[in-house]
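Taken in sequence, the protein lines are chains A and B.
Quick note on our numbering: the first sequence kicks off at 26 and runs consecutively.
Quick note on our numbering: the second sequence kicks off at 26 and runs consecutively.
See below for the structure under consideration.
There are 2 protein chains.
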Amino acid sequence: MAELVCGLDLGGTKLLALVVDPADPDAEPVVASKVPRPSGDVVSGLAAAAREVIAVAETETGGARVRAVGLGAPGLVDRDGVFRFGPNLPGVVDRPLARDLGAELGLPVAVDNDATCAGWAEHERGAARGANHSLTVTLGTGIGAGLTVKGEVLRGAHGYAGEPGHMVIDPSGPECRCGRFGCWEQYASGNALGRFGREAVVQGRAAAVMEAAGGSVDLVRGEHVVAAAADGDADALAVMGQLGWWVAAGLANLVNVLDSEIVVLGGGLVAAGDLLLDPVRRAFTDLPMGGNRREAVPVVAATMGERAGAWGAALLAADRLLS
Amino acid sequence: MAELVCGLDLGGTKLLALVVDPADPDAEPVVASKVPRPSGDVVSGLAAAAREVIAVAETETGGARVRAVGLGAPGLVDRDGVFRFGPNLPGVVDRPLARDLGAELGLPVAVDNDATCAGWAEHERGAARGANHSLTVTLGTGIGAGLTVKGEVLRGAHGYAGEPGHMVIDPSGPECRCGRFGCWEQYASGNALGRFGREAVVQGRAAAVMEAAGGSVDLVRGEHVVAAAADGDADALAVMGQLGWWVAAGLANLVNVLDSEIVVLGGGLVAAGDLLLDPVRRAFTDLPMGGNRREAVPVVAATMGERAGAWGAALLAADRLLS
């Protein structure tokens with residue numbers, strides 16, 4: 026009988042939960058759910074979601090048992106599964122999520138950063154499969170990353186590795202929610218695309234973008250730029266090119282340091298497809314040190330979709346908690 | 026009888042060579058030499074320097090044999106010991122240094138990036154001893170780095186990991202010798218300190234700096250800023266603070282990605298001691314993501330001195346080539 030694992034991904038607005046058989050590399054989740062982020066105590070909300078998918082999975086498989094739980098959480102998670110801090114999870118500071126959720130569920134729990142989990146899913150099951158040194162960057166409202174070195178998750182000394190969103194890339198740039206100025210997240214995220222779009226509108230360009238947003242510059246978001254670019258609007262395409270350059274510049278910084286063999290881009294922005302990937306690839310070619318004198322590093326779209334974080338959390342839990 | 030290893034460090038202007046007993050953690054080099062960088066064929070020059078120290082070492086130890094050679098080279102070195110490219114070693118492109126030097130010497134040769142070697146020396150024998158996740162940054166004319174993850178050198182997919190000097194940190198900044206704009210090296214190296222000094226002089230500040238340079242703004246170099254700062258000149262100290270902020274900003278970018286447990290600063294600039302380290306530490310405290318909500322990461326001076334690269338090359342060669 027298969028040993029199953031539950032994976033949870035606690036996002037800024039939603040909570041994904043699923044159950045998978047980690048030993049089968051081709052297995053799809055037995056069950057998956059997506060609910061709004063719990064509003065009360067975070068551990069109670071996580072436990073409720075986990076119990077629900079676990080019950081369904083154990084019933085549907087006719088007796089297979091869930092042996093462990095993995096959780097991806099939006100912020101700094103230390104090696105003991107303590108959630109230290111994260112701007113998208115206000116009020117949760119130094120909370121021992123692994124311990125508390127484990128006690129609530131009566132199961133061993135492993136916790137890691139959500140983007141680290143997503144990167145691990147791409148490495149184990151998705152676009153980075155077979156690559157020992159992979160870099161998965163999640164471009165959503167903000168930026169997250171999951172890194173592998175020699176086929177293992179790069180956790181770092183305390184468990185905090187992989188936070189390039191707060192790499193300063195332009196100290197004279199906009200203030201970041203982290204309190205510093207000019208973080209990469211201010212230039213290469215969904216929020217940044219919206220700002221670039223509004224700037225273009227204010228400068229009298231990108232009428233199609235404003236139209237997509239219903240005629241008000243204040244309502245322009247990244248999705249409106251993408252929509253106008255998809256319609257072939259030249260100004261919107263130029264804004265996508267601007268975003269692509271900044272994405273590529275940060276990726277090159279990371280590849281200079283890590284020498285990754287593949288870059289996987291995930292997160293909501295990647296729904297734009299080649300409208301994003303083409304300008305990123307064009308700019309990225311020349312940016313790493315050595316340029317075309319070194320091996321080209323492919324930049325590809327993630328394939329695990331919105332379940333990547335929960336799936337990766339489950340696989341990490343299997344690695345860390347099951348023998 | 027001890028098995029000895031020869032280490033070579035090919036710099037921009039000089040070549041260091043030494044022989045050590047890699048099995049003895051407290052051993053000093055049996056012999057060490059420092060000569061100008063060979064002007065002819067790079068392999069012939071390296072072989073001549075190696076033969077000289079090897080002969081001395083084998084004679085002085087009364088029969089111990091040198092079993093392997095390690096070389097630190099200034100640029101991208103792949104996992105096969107091929108020197109791919111480096112701005113400080115013009116004319117040497119895709120040269121199989123490990124193979125060619127090995128054939129010349131009749132000994133196995135391992136080659137890696139010079140700053141990677143220096144970082145390994147700090148990890149094995151110096152300021153980062155005992156740290157599994159260390160970050161050694163060499164601040165000289167340019168910037169190099171040597172990274173360890175889980176107690177091993179971070180080499181990356183091809184061997185190129187650890188080139189943060191060409192991390193873009195201000196795209197509107199000065200052009201770098203690599204062809205890009207605003208690389209960290211343009212803000213946190215010895216060359217950058219000289220430029221900051223000249224800018225201060227041109228703005229009518231830092232008279233003491235100009236005086237240290239003999240009265241001409243064009244002659245101001247980093248060493249003159251350091252000299253004036255050492256004399257307590259407030260303007261020169263402010264320039265050191267400017268440099269320190271940029272050093273800290275790049276270090277924070279790296280710690281955000283790598284989660285290092287210690288940062289070691291080496292290279293010529295570190296001769297400035299606390300004149301450099303104090304402003305770096307002040308700025309660094311708040312810069313990594315999470316600020317004081319995460320464990321403090323000490324920033325310390327390297328202890329292996331100018332021999333770090335050759336020493337680390339020898340130790341890497343021992344690890345890779347001797348059983």
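Note that the Cβ used here is the ideal one computed from N, Cα and C, for glycine as well.
Go through its chain and collect everything with a Cβ distance to residue i's Cβ below 7 Å, but skip five positions before and after it.
| i | result |
| --- | --- |
| B/Gly-190 | Gly-167, Ile-168, Gly-169, Cys-208, Trp-209 and Glu-210 |
| A/Ala-186 | Leu-172, Leu-179 and Arg-180 |
| A/Phe-309 | Ala-273, Leu-276, Ala-277 and Val-324 |
Exposed or buried, what is residue i when buried is set at 16 or more other beta-carbons lying within 10 Å of its beta-carbon?
| i | result |
| --- | --- |
| A/Thr-173 | buried |
| B/Ala-80 | exposed |
| A/Ser-159 | buried |
| A/Glu-331 | buried |
| B/Thr-163 | buried |
| B/Gly-32 | buried |
| B/Asp-34 | buried |
| B/Arg-90 | exposed |
| A/Glu-85 | exposed |
| B/Arg-307 | exposed |
| A/Gly-275 | buried |
| A/Glu-53 | exposed |
| A/Arg-154 | exposed |
| B/Gly-131 | exposed |
| B/Gly-292 | buried |
| B/Val-227 | exposed |
| B/Glu-214 | Just to set this straight, residue 214 of chain B is Ser in the shown sequence, not Glu. By the neighbour-count rule (16 or more Cβ atoms within 10 Å), B/Ser-214 is buried. |
| A/Glu-200 | exposed |
| A/Arg-202 | exposed |
| A/Val-118 | exposed |
| A/Asn-317 | exposed |
| B/Asp-311 | exposed |
| A/Leu-96 | buried |
| B/Leu-300 | buried |
| B/Gly-116 | exposed |
Return helix, strand or coil for residue i, following the three-state DSSP convention.
| i | result |
| --- | --- |
| A/Pro-61 | strand |
| A/Gly-176 | coil |
| B/Glu-210 | helix |
| A/Val-245 | coil |
| A/Leu-19 | With chain A covering 26 to 348 only, the question about residue 19 of chain A has no answer from this structure. |
| B/Val-288 | strand |
| B/Asp-260 | helix |
| B/Arg-92 | strand |
| A/Ala-170 | strand |
| B/Gly-32 | strand |
| A/Glu-188 | coil |
| A/Glu-85 | helix |
| B/Ala-72 | helix |
| B/Glu-200 | strand |
| A/Ala-42 | strand |
| B/Val-55 | coil |
Please work out which residues of its chain come closer than 6 Å, Cβ to Cβ, to residue i, disregarding the five sequence neighbours upstream and downstream, and give them in chain order.
| i | result |
| --- | --- |
| A/Glu-149 | Leu-340 |
| A/Arg-223 | Val-242 and Val-245 |
Whose C-beta lies closer than 8 Å to the C-beta of residue i among residues of the same chain, with five residues either side of it excluded?
| i | result |
| --- | --- |
| B/Gly-298 | Ala-326 |
| B/Pro-313 | Ala-277, Val-280, Asn-281, Arg-319 and Val-322 |
| A/Asp-260 | Ala-225, Arg-230, Ala-231, Ala-232, Ala-233, Val-234 and Ala-253 |
| A/Phe-221 | Val-250, Val-264, Gln-267 and Leu-268 |
| B/Lys-39 | Lys-59, Val-60, Pro-61 and Arg-62 |
| A/Lys-175 | Asn-157 and His-158 |
| B/Met-364 | Because chain B in this structure spans residues 26 to 348, residue 364 of chain B falls outside the shown range and cannot be described. |
So, is the C-beta of residue i closer than 8 Å to a C-beta in chain E?
| i | result |
| --- | --- |
| B/Leu-312 | In the structure shown, chain E does not exist; the protein chains are A and B. |
Checklist line | Interface residues of the region 168-185 of chain A facing chain B [CB-CB below 9 Å] | finding: Of all residues in the region 168-185 of chain A, the ones placed with a Cβ closer than 9 Å to any Cβ belonging to chain B are Ala-170, Leu-172, Val-174, Lys-175, Glu-177, Leu-179, Arg-180, Gly-181, Ala-182, His-183, Gly-184 and Tyr-185, in chain order.
Checklist line | Whole runs of the beta strand (DSSP E) within the region 98-147 of chain A, excluding any shorter than 3 residues | finding: The qualifying runs are 107-110 and 134-138.
Check: Using a Cβ cut-off of 9 Å, which residues of the region 117-150 of chain B contact any Cβ in chain A, in chain order?
Finding: Taking 9 Å as the Cβ-Cβ cut-off against chain A, the residues of the region 117-150 of chain B that qualify are Val-118 and Asp-119.
Check: What are the start and end residues of each continuous alpha helix (DSSP H) run of 4 or more residues lying completely inside the region 294-342 of chain B, in chain order?
Finding: Under the rule that a run must span 4 or more residues, the alpha helix (DSSP H) segments found entirely inside the region 294-342 of chain B read 299-309.
Next item on the list: With a floor of 4 residues, list each alpha helix (DSSP H) that falls wholly inside the region 214-245 of chain A, ordered by position along the chain.
Entry: With a minimum length of 4 residues, the continuous alpha helix (DSSP H) runs that stay inside the region 214-245 of chain A are 215-227 and 232-237.
Notebook entry, point to check: Going along the region 82-116 of chain B in order, which residues come within less than 7 Å of chain A, judged by CB to CB distance?
Noted result: Residues passing the 7 Å Cβ filter: Leu-101, Arg-109 and Phe-110.
Item checked: Interface residues of the region 276-287 of chain A facing chain B [CB-CB below 9 Å] -> For the region 276-287 of chain A, the residues whose beta carbon sits under 9 Å from a beta carbon of chain B are, in order, Ala-277, Asn-278, Leu-279, Val-280, Asn-281, Val-282, Leu-283, Asp-284, Ser-285, Glu-286 and Ile-287.
Check: When you check each C-beta in the region 27-41 of chain A against every C-beta of chain B, which residues fall closer than 8 Å?
Finding: Within the region 27-41 of chain A, no residue has a Cβ lying closer than 8 Å to any Cβ of chain B.
Note to self: For the region 190-202 of chain B, list every residue whose C-beta sits within 7 Å of some C-beta in chain A, in sequence order.
What the structure shows: Correct list: His-191, Met-192, Val-193, Ile-194, Asp-195 and Pro-196.
Next item on the list: Can you give me, in chain order, the residues of the region 250-277 of chain A that have a beta carbon less than 9 Å from any beta carbon in chain B?
Entry: When C-beta distances to chain B are compared with 9 Å, the residues of the region 250-277 of chain A below that value are Trp-270, Trp-271, Ala-274, Gly-275 and Ala-277, in chain order.
Notebook entry, point to check: According to a CB-to-CB cut-off of less than 7 Å, which residues of the region 212-238 of chain A neighbour chain B?
Noted result: Result list empty, no residue passes.
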